[in-house]
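Q: Before anything else, here's the structure in question.
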Amino acid sequence: MRESMSDVDSCLMVTMSGTSVDPRLRRWLDSGLGSVILFGDNIVDVDQVGALLAELRSSAPDLLVAIDEEGGDVTRLERRDGSSMPGNLALGELDDLAVTERVAGAIGDLLAGAGIDLDLAPVADVNSNPQNPVIGSRSFGADPALVGRHVAAFVRGLQSRGVAACAKHFPGHGAAAADSHYELPIVDSPADVLSTVDVAPFRAAIAAGARCVMTSHVVYPAWDRAMPATLSRRILTDLLRTELGFGGVLITDALHMAAIREGVGSAEGAVRALAAGADLVCVDLALDEQLAVRDSVVAAIESGRLPAERVAEAAGRVRALQSWTHPTAAGAWNPEVGHAAARAAIARRQLPPGVPLHRAPYVVDAGVRVLPGVGVTSAGLLDVMTSIDPRVRGMPLTAAPDDVDAVLAAAGDAPLVVAVRDAHRRAWQGELVAAALARRRDAVVVGTGTADDARLAPGRYIAAFGCGKANLLAVAQLLLGRAREHAA
Numbered sequence: 001m002r003e004s005m006s007d008v009d010s011c012l013m014v015t016m017s018g019t020s021v022d023p024r025l026r027r028w029l030d031s032g033l034g035s036v037i038l039f040g041d042n043i044v045d046v047d048q049v050g051a052l053l054a055e056l057r058s059s060a061p062d063l064l065v066a067i068d069e070e071g072g073d074v075t076r077l078e079r080r081d082g083s084s085m086p087g088n089l090a091l092g093e094l095d096d097l098a099v100t101e102r103v104a105g106a107i108g109d110l111l112a113g114a115g116i117d118l119d120l121a122p123v124a125d126v127n128s129n130p131q132n133p134v135i136g137s138r139s140f141g142a143d144p145a146l147v148g149r150h151v152a153a154f155v156r157g158l159q160s161r162g163v164a165a166c167a168k169h170f171p172g173h174g175a176a177a178a179d180s181h182y183e184l185p186i187v188d189s190p191a192d193v194l195s196t197v198d199v200a201p202f203r204a205a206i207a208a209g210a211r212c213v214m215t216s217h218v219v220y221p222a223w224d225r226a227m228p229a230t231l232s233r234r235i236l237t238d239l240l241r242t243e244l245g246f247g248g249v250l251i252t253d254a255l256h257m258a259a260i261r262e263g264v265g266s267a268e269g270a271v272r273a274l275a276a277g278a279d280l281v282c283v284d285l286a287l288d289e290q291l292a293v294r295d296s297v298v299a300a301i302e303s304g305r306l307p308a309e310r311v312a313e314a315a316g317r318v319r320a321l322q323s324w325t326h327p328t329a330a331g332a333w334n335p336e337v338g339h340a341a342a343r344a345a346i347a348r349r350q351l352p353p354g355v356p357l358h359r360a361p362y363v364v365d366a367g368v369r370v371l372p373g374v375g376v377t378s379a380g381l382l383d384v385m386t387s388i389d390p391r392v393r394g395m396p397l398t399a400a401p402d403d404v405d406a407v408l409a410a411a412g413d414a415p416l417v418v419a420v421r422d423a424h425r426r427a428w429q430g431e432l433v434a435a436a437l438a439r440r441r442d443a444v445v446v447g448t449g450t451a452d453d454a455r456l457a458p459g460r461y462i463a464a465f466g467c468g469k470a471n472l473l474a475v476a477q478l479l480l481g482r483a484r485e486h487a488a
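If you count by my numbering, then the sequence shown holds residues 1 to 488, one letter each, in order.
What follows is the structure, encoded as structure tokens:
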């Protein structure tokens, strides 16, 4: 049983609280805990992360440390100011595989410099449903072939730094109309559509040598009418392992998410995920609850519900990954790689007449994104523009204003810029755009999500392709006439 306990510990990826190491976590590390995942509350800056990881690895030298560093909207190490990398949608718009590979390599440099050896990226989901509330600009686009090409390029760039890539969220979250953080989505696509659209980028990731794949908490009735992918042997073992030939580490999305927690529960979810074929279960819970998950897995082995051989197989894959990782920066981290890519992507589309603006504008900023478990991802367009030109004025909005006319009237005779995020899905933002264009024909609308909002402001729209720092800075420089100062 001692060997089984060691295997169970190897198969758990846990969160930690704050920036110090709980003594109980330290004891768990001493006994063989396999992996820790870092979130925003664990991070002050890169130097502090390096010191924290040195402390963790003093107890567990082979500890696998993971992070979500996608670029664009989702960043951990740059959470205070936003990501210097433009995110997948901008890279898909630019459609230059060499640029995508360089951006991923730059992310690898950043992570390697901090000692992080597993990045839960790239997002391999095809953004086939414009109403999807959680993927959007995190995807390279709506074309499966394009997404597959860039997923492969991202994997190559990241793993060239010895940082393992993880293609997510298998077999594809892009067609979902719900967010698995809050509920259990169902994707009713036929099996042939799932195979040719949603799964295609994962084939590309596997062919490129991706060391890891992450599951989705989504039900696909064409393959399994009862279980979300995370708990489905048909999807994880028969499809991913047998049909696609993936031999790397299969990681679950976080088991605290409502799609699992409000169904079978996090502890039972860990047992069923391992039984279905997962190798590393992500347990984002308080330490007491994490230990209870471990106890549930051990009890399932002891009762015979979960074969010890299955857990040993999973642990072996995790240990092989620990041996493979070798984070090594190719040089000093260069954020300009990301800034240049963002500028190039935005410049591909025609700018509205009157841009650059002739004087400091008034910015109504409703374009800041809030992510589950993360909060506001970064400063908004208004913040970035005022940092460049203190004469810029404006108003941030996170909900529908009581008086839209008063908000817009506050601009006076200054140029008016309205930033929105996925206004095609948010009625109040669509109404804001319509009111702005009715009041001011010269208003400029900036979209910080997908480019689907362009139809709401024909001829007056600038697509940022995300709300990372690189994206917003590139738009701000264009609006304020500073783009040439930063051109290569």
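A virtual CB, placed ideally from N, CA and C, is assigned to each residue, including glycine.
Given 8 Å as the limit, is there contact between the region 167-184 and the region 347-365, that is, 3 or more CB pairs closer than that?
A: Touching, no, given that fewer than three Cβ pairs across the two stretches are closer than 8 Å.
Q: Please tell me whether residue 196 and residue 230 are closer than 8 Å, where the distance is taken between their beta carbons.
A: Taking 8 Å as the Cβ cut-off, residue 196 and residue 230 do not qualify as a contacting pair.
Q: Starting from the Cα of residue 237, find the closest Cα among 313, 36, 303 and give me that residue.
A: Selected option, being the one with the closest Cα: 313.
Q: At what residue ranges does the region 372-429 contain a whole run of the beta strand (DSSP E), taking only runs of 3 or more?
A: The region 372-429 contains these whole beta strand (DSSP E) runs: 393-396, 416-420.
Q: Where do the ends of the beta strand (DSSP E) carrying residue 169 lie?
A: Residue 169 -> beta strand (DSSP E) spans 164-170.
Q: Can you check the region 39-101 for any beta strand (DSSP E) of at least 3 residues that lies completely inside it and give the ranges in chain order?
A: Here the runs fully enclosed are 64-67.
Q: Under 6 Å Cβ to Cβ from residue 416, same chain only, skipping five residues before and after it: list those, please.
A: 362, 440, 443.
Q: Beta-carbon within less than 7 Å of residue 246's beta-carbon, same chain only, minus the 5 sequence neighbours each way: which residues are those?
A: Same-chain partners within the cutoff: 206, 213, 240.
Q: Could you name the residues of the same chain whose beta carbon sits closer than 7 Å to that of residue 374, not counting the 5 residues immediately before and after it, in chain order?
A: For residue 374, the pLDDT reaches just 45, beneath the cut-off of 50, and the residue's location in the model is therefore unreliable, although a value from the coordinates is still provided. Hits under 7 Å: 40.
Q: Do residue 47 and residue 138 have their C-beta atoms within less than 8 Å of each other?
A: In this structure, residue 138 does not lie closer than 8 Å to residue 47 by Cβ.
Q: Assuming the contact rule is C-beta atoms closer than 8 Å, residue 311 and residue 36 should be a hit. Round their C-beta distance to whole Å, please.
A: Contact flag wrong, Cβ pair sits at about 19 Å.
Q: From the DSSP output, read off the bridge partner residues of residue 366.
A: According to DSSP, residue 366 bridges with 420.
Q: Whose C-alpha, out of 201, 430, 56, 160, is nearest the C-alpha of residue 455?
A: Nearest C-alpha to residue 455: 430.
Q: Whose C-alpha, out of 321, 427, 95, is nearest the C-alpha of residue 209?
A: Residue 321 is the option with its Cα nearest to residue 209.
Q: Can you tell me whether residue 302 is buried or exposed? The criterion is at least 16 other CB atoms within 10 Å of its CB, across all chains shown.
A: Residue 302 should be labelled exposed.
Q: Which of helix, strand or coil does DSSP assign to residue 195?
A: Three-state result, residue 195: helix.
Q: Rounded to whole angstroms, what is the Cα-Cα separation between residue 339 and residue 291?
A: When rounded, the distance between both Cα atoms is 42 Å.
Q: Take residue 379 and list the residues in its own chain whose beta-carbon comes closer than 7 Å to its own, dropping the five residues that flank it on each side.
A: Cβ neighbours of residue 379 beyond the five flanking positions: 81, 82.
Q: Give me the Cα-Cα distance between residue 405 and residue 437, rounded to the nearest whole angstrom.
A: Taking the straight line from one Cα to the other gives about 12 Å.
Q: Can you look up residue 478 in the DSSP assignment and give me helix, strand or coil?
A: DSSP places residue 478 in helix when its eight states are reduced to three.
Q: Whole angstroms is fine: what's the gap from residue 66's alpha carbon to residue 243's?
A: Taking the straight line joining both Cα atoms gives about 27 Å.
Q: Thinking C-beta only, is residue 280 closer than 8 Å to residue 266?
A: Not a contact, by the Cβ cut-off of 8 Å.
Q: In this structure, does DSSP put residue 35 in helix, strand or coil?
A: Note: residue 35 maps to strand in three-state DSSP.
Q: Where does residue 206 sit, in a helix, a strand or coil, going by DSSP?
A: Helix.
Q: Please give the ranges of any alpha helix (DSSP H) in the region 106-166, keeping only runs that are unbroken, at least 4 residues long and fully inside the region.
A: Fully enclosed alpha helix (DSSP H) runs of 4 or longer: 144-159.
Q: Can you list, in chain order, the residues of its chain with a C-beta nearer than 8 Å to that of residue 112? Leave out the 5 residues immediately preceding and following it.
A: Excluding sequence neighbours, residue 112 sits near 161, 162, 163, 327, 328, 329.
Q: Exposed or buried, what is residue 131 when buried is set at 16 or more other beta-carbons lying within 10 Å of its beta-carbon?
A: Result: exposed.
Q: Hey, residue 108 and residue 50 are a contact pair by Cβ (cut 8 Å); roughly how many whole angstroms apart?
A: The Cβ separation is near 16 Å, so there is no contact.
Q: Can you tell me whether residue 358 is buried or exposed, with buried defined as 16 or more other CB within 10 angstroms of its CB?
A: Residue 358 comes out exposed.
Q: Alpha carbons only, please: which of 32, 355, 5 is nearest the one belonging to residue 462?
A: Closest by alpha carbon: 355.
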